[in-house]
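J.: Residue numbers (the working numbering): 495 to 985.
All C-beta atoms in this analysis are idealised placements derived from N, C-alpha and C, irrespective of residue type, glycine included.
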């Protein structure tokens, strides 16, 4: 609403704009309209009838507080006396309506400013109260950032863009004939592609697979490819046959006893300490499920198993004379949407279990564990790094995230593109790798999204690794107790 002055008002336009008109002629409130556009000579033809001018003030609506507040932001859109493009109606109501133009932009800015202030106050209240509203809002913000950034960088187009920008072929054109590489989850997807790429460069590859049949099929396929392409593809000459450089180990990285048996067998067979240990195996199992040892299967596969395998092989790495050992945790970009979980590691609330979020939490935990290893182990002996492959087309994505796979099927990276950073980290000189960092497309990348509320303290990573090892000790103690009971029953 805005105050419209009658034709007999003698106040100046400036006083009218400031609502300081002191003339005795009553005014009436109308909707905001444009300034009168008729020339001064025609103003008498459009004068307000005397009956309207003489009406009592009580019969006429007065400007409301909202109208007075809004009128402060009004501005003239036309010069006084300038003609309109369309004629003004000659009716009494239209004649009485002084057409004042209002620019809504200042008012809109005011509304936005007030809304931003309310959002800030609500956010502060959420921080103080730690409400679900705040947590859901922050998760939504992280998800939006993740999807926007991912569609630009994590897809096949993102890989090709980065490849053209700074990839160098000479970085991976190396001879690895004296290197031993252990890769978990190597029967398909990124793990198999990494094994193939490193095998083509002469490395002795150890495939750690849970399923013996699929593991044997992967081994035969890899041996055949290495026999056909070694030397021709990379220019690297190797003296040993492909069959002698590919080893299959059947091990379930979600089971502590299976990992212990593998490490014992690996060392007893005289294999050297691995030069590269790649933790690639992953699980995104739903609904909530426990292993035979009573551990939630996703946590056991993604976090507990890699920690146990690393701890069992680490002494041999530290005692090795080569002094060039690398442990690579293959994480996921989904970890950018989650905070570091240090309390409920196995998501005990089964009714609210979300496999996708548990997987992302586990991958965030992997990054924190890499940082903790880097702080406690000398980089002169062993380097610890994490990398994520982007959005790659793998069996895990197809099975566990069918909706995501269906929407992005045409733009997902190939498994070879997803494995590229693993191969690069295994080939480049150690001086080019920074201990404890997260890598993506051969570059160090941030571990947190802006305004994502996912940062954590060093003591949080320490607590996490301590709890994981404590859980491993509990499983070992339980297994020893069961074995003792069985031995006692037999005797």
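#1: Determine the burial state of residue 714: buried for a count of at least 16 other Cβ atoms within 10 Å of its Cβ, exposed for fewer.
#2: Please look up how many angstroms separate the CB atoms of residue 906 and residue 683, rounded, as I've assumed it's under 8 Å.
#3: Nearest by alpha-carbon distance to residue 818: which of 752, 920 and 778 is it?
#4: From the DSSP output, read off the bridge partner residues of residue 698.
#5: Alpha carbon to alpha carbon, how far is residue 968 from residue 977? Give it in angstroms, no decimals.
#6: If I'm right that residue 955 touches residue 835 with Cβ under 8 Å, what's the distance once you round it to whole angstroms?
#7: Any chance you could list the beta strand (DSSP E) runs of at least 3 consecutive residues sitting entirely within the region 823-877, in chain order?
#8: In this structure, does DSSP put residue 736 in helix, strand or coil?
#9: Give me the residue from 927, 831, 918 and 699 with the minimum Cα distance to residue 638.
#10: Is it buried or exposed, residue 981, if we count other Cβ atoms within 10 angstroms and call 16 or more buried?
#11: Going along the chain, which unbroken runs of the beta strand (DSSP E) with 3 or more residues stay wholly within the region 890-955?
#12: Run through DSSP, which three-state label would residue 751 get?
#13: Given the structure, does residue 696 come close to the ligand MN, in the sense that its CB is under 6 Å from one of the ligand's heavy atoms?
#14: As a quick exercise: from 914, 913 and 885, pick the residue whose alpha carbon is nearest that of residue 900.
#15: Ordered along the chain, which non-local residues of its own chain (more than five positions away) have a Cβ less than 7 Å from that of residue 765?
#16: Would you call the region 742-757 and the region 684-703 touching, i.e. three or more CB-CB distances under 8 Å?
#17: Going by other Cβ atoms of all chains shown within 10 Å of its Cβ, with 16 needed for buried, is residue 928 buried or exposed?
#18: From residue 908 to residue 935, what does the alpha carbon distance come to, in whole angstroms?
#19: Quick one: Cα of residue 875 to Cα of residue 939, how far?
#20: For the beta strand (DSSP E) holding residue 770, just list the boundary residues, first then last.
#21: Once you ignore the five residues that flank residue 640 on each side, which residues in its own chain have a CB closer than 6 Å to its CB?
T.: From the atom records:
#1: exposed
#2: Contact flag wrong, Cβ pair sits at about 12 Å.
#3: 920
#4: Per DSSP, 674.
#5: 14 Å
#6: Actually they are not in contact, since the Cβ atoms of residue 955 and residue 835 sit about 12 Å apart, beyond 8 Å.
#7: Segments of the beta strand (DSSP E) lying fully in the region 823-877: there are none.
#8: coil
#9: 831
#10: exposed
#11: 932-934
#12: helix
#13: Although the ligand MN was asked about, the structure shown includes no ligands whatsoever.
#14: Out of 914, 913 and 885, 885 has the C-alpha closest to the C-alpha of residue 900.
#15: 674
#16: yes
#17: exposed
#18: 13 Å
#19: 24 Å
#20: 770-773
#21: 830 and 831
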